[in-house]
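Chemist:
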Amino acid sequence: MANPKKKLALNLDKLPKLDKLSKLDNFPRDQILFVKSLVESPGEIGQVTPSSRFLAEGMVNNLDLATAKIVVEFGPGTGAVTKAIVKKCGPQTAFFALETNTGMITIWQRRFPNHKIIHDSAENISTHLKANNFEQADYIISSLPFALLPPDLAERILHNAYEALRPDGVFVTYQYLHARVINSAMRLLRKTFSDIDTSVVFRNLPPAFVFRCHKR
Ligand SMILES: C[S@@+](CC[C@H](N)C(=O)[O-])C[C@H]1O[C@@H](n2cnc3c(N)ncnc32)[C@H](O)[C@@H]1O
597 MANPKKKLAL
607 NLDKLPKLDK
617 LSKLDNFPRD
627 QILFVKSLVE
637 SPGEIGQVTP
647 SSRFLAEGMV
657 NNLDLATAKI
667 VVEFGPGTGA
677 VTKAIVKKCG
687 PQTAFFALET
697 NTGMITIWQR
707 RFPNHKIIHD
717 SAENISTHLK
727 ANNFEQADYI
737 ISSLPFALLP
747 PDLAERILHN
757 AYEALRPDGV
767 FVTYQYLHAR
777 VINSAMRLLR
787 KTFSDIDTSV
797 VFRNLPPAFV
807 FRCHKR
C-alpha cells in the first residue's frame, strides 16, 4: 500500500524525453515541455498547458492585423497564440516573437519556419524593432504571466511595451480567471495604460480574462 506520508515529487527524469516524442502528435510533446519548464522556472511559464484555440482566437479578435505594418508577440511558447496571429496577418504585415525559453524556441521554429523568433526578453522590444527597421509596433500580443513575474520586471516590460507602441496601437494580454490575480493584473496594467477593455474566454482551462490596452 502507498505510504500516505511520502512526499509527492515530480521526477523529471521519468518524463519521456522530448526527442523521443517526434512521432507522437503535438499535444503530449507541448504538454511535457510546459510541465518541465514550469517545474524549472514557475515564474516564467505560469501555466501547465498551452492556451486553447479559443483563447488564442479571443486574443486576436477585433485586431486589424491584416493592415498592420508590424506585430510583435511576447512569450509565444510553443505557438498556440502565434498560430492565430499569423493566420490574421496580411501579406505585408511584418511579425516577430520574443521568447526566453530555448526549449520553446526549438519547437516554435520547427512549427513556424517562415517566421522570426528572437531569443531575448520582451523588455528589449525597442532594440529589436529598430534592428528590423521599425520605429514602433502596431500591436503587441503578450502571453507573459505578469502576475508571477518579479514586479520590477513586469513594470519595465509594460513601460517598454507602451513606449514601443505607435499612438493608437494596442497591447493585448490575458490572465486566468481568479479574482486576486485579475485585480493585481488590472492594477499593474493601469499603471501604464489608461484605456483598457476586457473580455472573458470560457472555453479555456481555466477560463481567462483578455485585456486590450490602447495607447492614447
Ligand atoms: C504562459 S506561457 C504562454 C505560452 C503560449 N503563448 C501559450 O499561450 O500557450 C509564457 C511564455 O512566456 C515566456 N517568457 C517568460 N518571461 C519572458 C520574457 N521576459 N520575455 C519573453 N518571453 C518570456 C515563457 O518562456 C513562456 O514560453
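Every letter in the sequence shown is one number past the one before it in the numbering used here, and letter 112, counting from 1, is 708. The beta carbon of each residue, even a glycine, is placed where N, CA and C say it ideally should be.
My parser needs the beta strand (DSSP E) runs of 3 or more residues fully inside the segment 640-725; what are they?
Modeler: Fully enclosed beta strand (DSSP E) runs of 3 or longer: 666-670, 690-695, 712-715.
Chemist: With a threshold of 7 angstroms, establish whether the CB of Thr723 neighbours any heavy atom of ligand 1.
Modeler: Sequence index remark: in the sequence shown, residue 723 carries index 127 (1-based). No.
Chemist: Taking Ile736 and Val656 to be in contact with their CB atoms under 8 angstroms, please state how far apart those CB atoms are, rounded to whole angstroms.
Modeler: Looking up residue 736 in the sequence shown gives position 140. Looking up residue 656 in the sequence shown gives position 60. No, Ile736 and Val656 are not in contact; Cβ-Cβ is about 12 angstroms, not under 8 angstroms.
Chemist: Have a look at Leu634 and Lys665 and give me their C-alpha separation to the nearest angstrom.
Modeler: Start at 1 with the first residue of the sequence shown, and residue 634 comes out as number 38. Start at 1 with the first residue of the sequence shown, and residue 665 comes out as number 69. Rounded to whole angstroms, Leu634 to Lys665 spans 34 angstroms at the Cα level.
Chemist: Any residue with its Cβ nearer than 6 angstroms to a heavy atom of ligand 1 should be included. What is that list in chain order?
Modeler: Spelled out in chain order, the answer is Glu640, Ile641, Gly642, Gln643, Pro646, Ser647, Phe670, Gly671, Pro672, Gly673, Ala676, Val677, Leu694, Glu695, Thr696, Asn697, Met700, Ser717, Ala718, Ser739, Leu740, Pro741.
Chemist: Please report the distance separating the alpha-carbon of Asn697 from that of Pro763.
Modeler: As a working note, residue 697 is residue 101 in the sequence shown. As a working note, residue 763 is residue 167 in the sequence shown. One C-alpha to the other measures close to 31 angstroms.
Chemist: According to the neighbour-count rule (16 or more other Cβ atoms, all chains shown, within 10 Å of its Cβ), is Pro672 buried or exposed?
Modeler: Against the sequence shown, residue 672 aligns to sequence position 76. Buried: at least 16 other Cβ atoms inside 10 Å.
Chemist: Excluding sequence positions up to five away, which residues of its chain have a Cβ less than 7 angstroms from the Cβ of Gly675?
Modeler: The count along the sequence shown starts at 1 and reaches residue 675 at position 79. Excluding residues within five positions, the ones whose Cβ falls inside 7 angstroms are Trp704, Arg707, Phe708.
Chemist: Looking at the structure shown, is Gln732 part of a helix, part of a strand, or coil, going by DSSP?
Modeler: As a first step, residue 732 is located in the sequence shown; it is residue number 136 there, counting from the start. Correct three-state label for Gln732: coil.
Chemist: Round the Cβ separation of Phe805 and Phe789 to the nearest angstrom and send it over; I've been treating them as touching at under 8 angstroms.
Modeler: Against the sequence shown, residue 805 aligns to sequence position 209. Against the sequence shown, residue 789 aligns to sequence position 193. Not confirmed; about 15 angstroms, so no contact.
Chemist: Report all residues from its chain with a CB closer than 7 angstroms to the CB of Leu620; omit the five preceding and five following residues, and keep chain order.
Modeler: Your numbering for residue 620 matches position 24 in the sequence shown. Reliability fails at Leu620, whose pLDDT of 42 lies under 50, so the model's placement of it is uncertain and the value that follows must be treated cautiously. Cβ neighbours of Leu620 beyond the five flanking positions: none.
Chemist: Could you tell me which of Phe798, Pro803, His755, Gln732 sits nearest to Leu785, measuring between CA atoms?
Modeler: Position 189 of the sequence shown, counting from 1, holds the residue named residue 785. Checked all of Phe798, Pro803, His755, Gln732; the closest Cα to Leu785 is His755.
Chemist: Since Ala760 and Ser722 are thought to touch, with beta carbons under 8 angstroms apart, how far apart are those beta carbons, to the nearest angstrom?
Modeler: By 1-based counting over the sequence shown, the position of residue 760 is 164. By 1-based counting over the sequence shown, the position of residue 722 is 126. With 8 angstroms as the limit, Ala760 and Ser722 qualify as a contact, their Cβ atoms being about 5 angstroms apart.
Chemist: Thinking just about the alpha-carbon of each residue, which of Ile714, Ile792, Glu640, Ala652 is nearest to the one in Lys684?
Modeler: If you number the sequence shown from 1, residue 684 lands on position 88. The residue with the shortest Cα to Cα distance from Lys684 is Ala652.
Chemist: Taking only three categories from DSSP, how would you classify Leu801?
Modeler: Along the sequence shown, one-based indexing puts residue 801 at 205. Three-state result, Leu801: coil.
Chemist: When burial is assigned at 16 or more other CB atoms within 10 Å of the CB, is Gly686 buried or exposed?
Modeler: To locate residue 686, count along the sequence shown from 1; it is residue 90. So Gly686 counts as exposed.
Chemist: Is the beta carbon of Leu725 sitting closer than 8 angstroms to the one on Glu731?
Modeler: Sequence index remark: in the sequence shown, residue 725 carries index 129 (1-based). Sequence index remark: in the sequence shown, residue 731 carries index 135 (1-based). Yes, the pair counts as a contact, with Cβ atoms nearer than the cut-off.
Chemist: Can you look up His774 in the DSSP assignment and give me helix, strand or coil?
Modeler: To locate residue 774, count along the sequence shown from 1; it is residue 178. If DSSP states are grouped into helix, strand and coil, His774 belongs with coil.
Chemist: When you compare each of Thr689, Val667, Arg649, Ile701 to Phe630 by their alpha carbons, which one comes out closest?
Modeler: Here residue 630 corresponds to residue number 34 of the sequence shown, with the count starting at 1. Minimum Cα distance to Phe630 is reached at Ile701.
Chemist: Give me, in chain order, the residues of the same chain whose beta-carbon lies closer than 8 angstroms to that of Leu801; leave out the 5 immediate sequence neighbours on both sides.
Modeler: Position 205 of the sequence shown holds residue 801. Cβ neighbours of Leu801 beyond the five flanking positions: Thr645, Ser648.
Chemist: Could you pull out every residue in the same chain whose Cβ sits closer than 6 angstroms to the Cβ of Leu749, ignoring the five residues on either side in sequence?
Modeler: Locating residue 749 in the sequence shown gives position 153, where the first residue counts as 1. Nothing listed; no residue qualifies.
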